[in-house]
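Structure, as structure tokens:
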Amino acid sequence: MYEWILFDADDTLFHFDSFGGLHLMFSRLGVKFTKQDYEEYQAVNKPLWVLYQNGEINTQQLQIKRFDSWSKKLQIPPQALNSFFLTAMVDVGLPLDGAENLLKALKGKAKLGIITNGFVELHHARLERTKFKEHFHLVVISEQVGIAKPDRGIFDHALTLMGNPPRNKVLMVGDTLESDILGGNNAGLDTCWLNVSKKPIVKDIKPKYQVSSLKELENLLVGSNEYDFNTVPSFWVHSTTARSNFSTKPVDETSMTTTTPKSKL
Numbered sequence: 009m010y011e012w013i014l015f016d017a018d019d020t021l022f023h024f025d026s027f028g029g030l031h032l033m034f035s036r037l038g039v040k041f042t043k044q045d046y047e048e049y050q051a052v053n054k055p056l057w058v059l060y061q062n063g064e065i066n067t068q069q070l071q072i073k074r075f076d077s078w079s080k081k082l083q084i085p086p087q088a089l090n091s092f093f094l095t096a097m098v099d100v101g102l103p104l105d106g107a108e109n110l111l112k113a114l115k116g117k118a119k120l121g122i123i124t125n126g127f128v129e130l131h132h133a134r135l136e137r138t139k140f141k142e143h144f145h146l147v148v149i150s151e152q153v154g155i156a157k158p159d160r161g162i163f164d165h166a167l168t169l170m171g172n173p174p175r176n177k178v179l180m181v182g183d184t185l186e187s188d189i190l191g192g193n194n195a196g197l198d199t200c201w202l203n204v205s206k207k208p209i210v211k212d213i214k215p216k217y218q219v220s221s222l223k224e225l226e227n228l229l230v231g232s233n234e235y236d237f238n239t240v241p242s243f244w245v246h247s248t249t250a251r252s253n254f255s256t257k258p259v260d261e262t263s264m265t266t267t268t269p270k271s272k273l
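Each position in the sequence shown, counted from 1, maps to that position plus 8 in this note's numbering.
Next comes the structure, spelled out in structure tokens:
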């Protein structure tokens with residue numbers, strides 16, 4: 009069993025519905041927000057997140073620039089719009105199916121932490137509202153650290169706070185290959201990709217484990233004595249024809265595809 013299990017937050021433990029959050033925010037301001045508005049917002053927001061994850065802009069610049077046009081239109085400061093948005097995201101950010109059961113199942117078996125790209129205001133409020141905060145020994149947020157995944161620095165910072173446990177005793181779980189898995193791999197951690205959509209693996213970003221639900225992750229970690237981390241293959245893949253947990257077939261690297269890295273939004 010691992011000494012520490014680290015989780016991403018958005019789309020790993022919590023639903024991350026940015027359109028729903030924006031729609032709720034603008035409805036509270038008495039403003040209609042359409043799918044077209046959302047596409048225009050994302051045309052600005054997505055490149056900003058890439059710049060942020062590459063360390064080219066900071067969180068304040070991201071928060072201001074993405075709401076600049078709406079700020080001018082509504083005559084509301086962009087910082088205020090961003091705060092309204094984060095509040096709305098707390099309201100729509102419900103736990104993913106299986107998240108609560110997983111955290112309860114891991115209680116007393118490993119220390120739990122979160123490493124996430126994003127903003128303190130959102131993550132702490134969401135942890136408080138869902139009462140998930142009590143499960144975690146550590147919460148590391150890129151806004152506080154000034155470094156974002158996949159930069160190894162945010163993982164090194166977390167590991168220092170954790171007392172520098174052996175890195176092979178730490179598992180990083182996340183839904184995004186290009187930040188969670190790549191970053192965890194670069195930091196020397198074991199990694200588990202939560203691949204709900206069953207996307208192809210990027211050839212040069214290889215998770216040690218792959219699951220299609222948090223229930224499968226629970227089965228892997230605590231569900232059965234057959235899961236011995238000293239004997240399982242280096243890679244597991246979900247099989248729809250196998251039992252409800254995992255196929256023991258290693259990943260076929262010849263079937264892997266390469267994709268362009270994408271930002272976590």
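We put the beta carbon where it would ideally sit given N, CA and C, even for glycine.
Through-space distance from residue j to residue i, alpha-carbon basis
i: E226; j: M180; result: 14 Å
i: K214; j: H131; result: 28 Å
i: A96; j: L30; result: 7 Å
i: L120; j: G192; result: 15 Å
i: L197; j: A166; result: 12 Å
i: I13; j: Y49; result: 35 Å
i: N253; j: T184; result: Bear in mind that a pLDDT of 33 at N253, under 50, signals an unreliable position, so the number given afterwards is only what the model happens to contain. When rounded, the distance between both Cα atoms is 21 Å.
i: F41; j: A118; result: 43 Å
i: T138; j: K223; result: 19 Å
i: V147; j: T168; result: 13 Å
i: L102; j: H23; result: 6 Å
i: Q68; j: P86; result: 10 Å
i: V230; j: L111; result: 11 Å
i: N172; j: G154; result: 20 Å
i: L37; j: R175; result: 47 Å
i: K115; j: S221; result: 19 Å
i: A107; j: D164; result: 26 Å
i: I39; j: E136; result: Position check: residue 39 holds Val in this sequence, whereas Ile was assumed. For V39 and E136, the distance between alpha carbons rounds to 29 Å.
i: N109; j: P208; result: 27 Å
i: E64; j: L228; result: 38 Å
i: F92; j: D212; result: 39 Å
i: S242; j: V210; result: For S242, the pLDDT reaches just 35, beneath the cut-off of 50, and the residue's location in the model is therefore unreliable, although a value from the coordinates is still provided. Roughly 16 Å between the two C-alpha positions.
i: M170; j: Y60; result: 25 Å
i: T72; j: A113; result: Per the sequence shown, residue 72 should be read as Ile rather than Thr. Approximately 40 Å, taken between the alpha carbons.
Exposure label - residue i; buried when at least 16 CB within 10 Å
i: L21; result: buried
i: G182; result: buried
i: S205; result: exposed
i: Y10; result: buried
i: S77; result: exposed
i: H143; result: buried
i: N62; result: exposed
i: N66; result: exposed
i: N90; result: buried
i: P55; result: exposed
i: N203; result: buried
i: E151; result: buried
i: R134; result: buried
i: Q44; result: exposed
i: L104; result: buried
i: Q83; result: exposed
i: K81; result: exposed
i: G126; result: buried
i: K216; result: buried
Any non-hydrogen atom of the ligand HEM closer than 7 Å to residue i Cβ
i: G182; result: With respect to the ligand HEM, the structure shown offers nothing to examine, as it has no ligands at all.
Whole-Å CB distance - residue i paired with residue j, under 8 Å assumed
i: A17; j: T124; result: 4 Å
i: V288; j: R74; result: Residue numbering for the chain in the displayed model covers 9 to 273; residue 288 lies beyond these limits and cannot be assessed.
i: F27; j: Y46; result: 5 Å
i: C275; j: V178; result: Look at the range of the chain in this structure, 9 to 273, and you will see that residue 275 is not part of it.
i: D25; j: V100; result: 5 Å
i: V128; j: I149; result: 5 Å
Any chain B beta carbon closer than 8 Å to residue i
i: T184; result: Considering every chain present, this structure includes no chain B. It has just one protein chain.
Problem set entry | Cβ contact (3+ pairs, closer than 8 Å) linking the region 182 to 197 and the region 152 to 162 | yes
Problem set entry | Continuous beta strand (DSSP E) assignments of at least 3 residues falling wholly in the region 105 to 176 | 119 to 124 and 146 to 149
Problem set entry | Cβ contact (3+ pairs, closer than 8 Å) linking the region 32 to 42 and the region 89 to 108 | Counting Cβ pairs under 8 Å, three or more are found: they touch.
For this session: List in chain order: all unbroken beta strand (DSSP E) runs of 3+ residues lying wholly within the region 34 to 111.
Result: none
Exercise. Considering only residues of the region 203 to 230, which uninterrupted beta strand (DSSP E) runs meet the minimum length of 3 residues and lie entirely inside it, listed in chain order?
Worked result: 217 to 219
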